[in-house]
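**Student:**
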Amino acid sequence: MSPHRPVLYSFRRCPYAIRARIAVARAGVACELREVLLGDKPAEMLELSPKGTVPVLALPDGMVIDESRDIMVWALTQSDTDGWLGTGLEAAPELIRRNDEDFKPMLDRYKYFERYPEHPQAHYRDEAGAFLTDLDQRLATHDGGGLTGRRTGFADVAIFPFVRQFAGVDRDWFDGTPWPNLASWLKAWEANPLFLDVMKKYPVWQPRTEGEPFP
Ligand SMILES: N[C@@H](CCC(=O)N[C@@H](CS)C(=O)NCC(=O)O)C(=O)O
12 MSPHRPVLYS FRRCPYAIRA RIAVARAGVA CELREVLLGD KPAEMLELSP KGTVPVLALP
72 DGMVIDESRD IMVWALTQSD TDGWLGTGLE AAPELIRRND EDFKPMLDRY KYFERYPEHP
132 QAHYRDEAGA FLTDLDQRLA THDGGGLTGR RTGFADVAIF PFVRQFAGVD RDWFDGTPWP
192 NLASWLKAWE ANPLFLDVMK KYPVWQPRTE GEPFP
């Protein structure tokens with residue numbers, strides 16, 4: 012690994028990795044990005060973080076950060092031009108906890124419903140949808156600006172990739188839902204150059220080679 016740059020192990024479509032990449036990119040921290048395949052994780056990454064999830068950030072001083080929220084906090088602590096860390100300080104942790112612990116498992120059931128034959132797909136969609144109704148109402152109280160305040164904050168960045176994944180399961184159905192604030196918020200994020208930049212395609216990292224410069 013390069014002794015000077017942090018190394019970010021990532022998987023392009025992973026919502027946890029997307030939230031980490033957005034924060035790292037916004038902070039402008041120059042990294043080496045190593046795109047991994049979830050079915051063939053590099054030994055180098057597993058040595059650093061045996062739990063085997065992406066994203067993983069390895070810092071030049073030997074510190075390893077292997078939780079996406081912690082990577083976001085680390086990156087924004089380096090530089091937080093838009094004040095994301097300080098926006099919605101009270102509400103953000105619980106909202107992100109609900110996203111990660113309650114919404115995400117239901118989203119997985121909705122997306123991969125064949126693996127969960129106990130209920131039809133619509134059941135999982137509606138269970139997950141309850142969280143989205145809440146997000147839509149939150150946005151309404153903030154004039155559409157953000158989930159935890161009138162402007163974008165940490166929670167928006169942390170939660171957006173998961174809402175995007177939910178919408179992508181059945182876009183026609185999503186477009187017909189009564190969540191106007193959430194729909195506009197999602198559209199704005201999907202068109203945000205920061206998001207488009209971090210969704211650039213990288214070749215899969217080959218061990219003993221240099222990864223790609225990021226951002
Ligand atoms: N709590 C972790 C979750 C990360 C996570 O679950 N990432 C998925 C990919 S989206 C993963 O690496 N799964 C392991 C696997 O599929 O083998 C974080 O926030 O970083």
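The sequence shown begins at 12 in my numbering and counts up by one. The beta-carbon is built from N, C-alpha and C at its ideal position, and this holds for glycine as well.
1) Measure the beta-carbon distance from Gly73 to Thr159 and round it to whole angstroms, keeping in mind my assumption that it falls under 8 Å.
2) Look up Trp40 in the DSSP assignment and say whether it is helix, strand or coil.
3) Is it buried or exposed for Leu150, if we count other Cβ within 10 angstroms and need 16 for buried?
4) Quick check: the Cα distance between Val67 and Gln176, rounded to an integer number of angstroms?
5) Does the Cβ of Ser231 have 16 or more other Cβ atoms within 10 Å, making it buried, or fewer, making it exposed?
6) Quick check: does the Cβ of Leu49 come within less than 7 Å of any heavy atom belonging to ligand 1?
7) Mind checking whether the beta-carbon of Cys42 lies closer than 7 Å to any heavy atom of ligand 1?
8) What residues match up with Ala166 in a beta bridge as DSSP calls it?
9) Counting only the same chain and skipping the five closest in sequence on each side, list residues whose C-beta sits under 6 Å from that of Ile76.
**Tutor:** Looking at the atomic coordinates:
1) Residue mapping note: residue 73 aligns to position 62 of the sequence shown, counting from 1. Residue mapping note: residue 159 aligns to position 148 of the sequence shown, counting from 1. Contact doesn't hold; Cβ gap of about 34 Å is too wide.
2) For the purposes of this step, residue 40 is taken as the residue at position 29 of the sequence shown. Sequence check: residue 40 is Val here, not Trp. Here DSSP, grouped into helix, strand and coil, assigns Val40 to coil.
3) Here residue 150 refers to the residue found at position 139 of the sequence shown. Counting C-beta atoms within 10 angstroms of its own C-beta, Leu150 has 16 or more neighbours from the protein chains shown and is therefore classed as buried.
4) Residue numbering aside, residue 67 sits at position 56 when the sequence shown is read from its first letter. Residue numbering aside, residue 176 sits at position 165 when the sequence shown is read from its first letter. Going by the C-alpha atoms only, they are around 21 Å apart.
5) The displayed coordinates of the chain run from 12 to 226. Any statement about residue 231 would go beyond what the structure contains.
6) Here residue 49 is taken as the residue at index 38 of the sequence shown, counted from 1. At a threshold of 7 Å, Leu49 counts as near ligand 1, since its beta carbon sits closer than that to one of the ligand's heavy atoms.
7) For this step, residue 42 is matched to residue 31 along the sequence shown. False, no ligand heavy atom lies under 7 Å from that Cβ.
8) As a working mapping, residue 166 is identified with position 155 in the sequence shown. DSSP lists no partner for Ala166.
9) Indexing the sequence shown from 1 puts residue 76 at position 65. Excluding sequence neighbours, Ile76 sits near Leu68, Ile82, Trp85.
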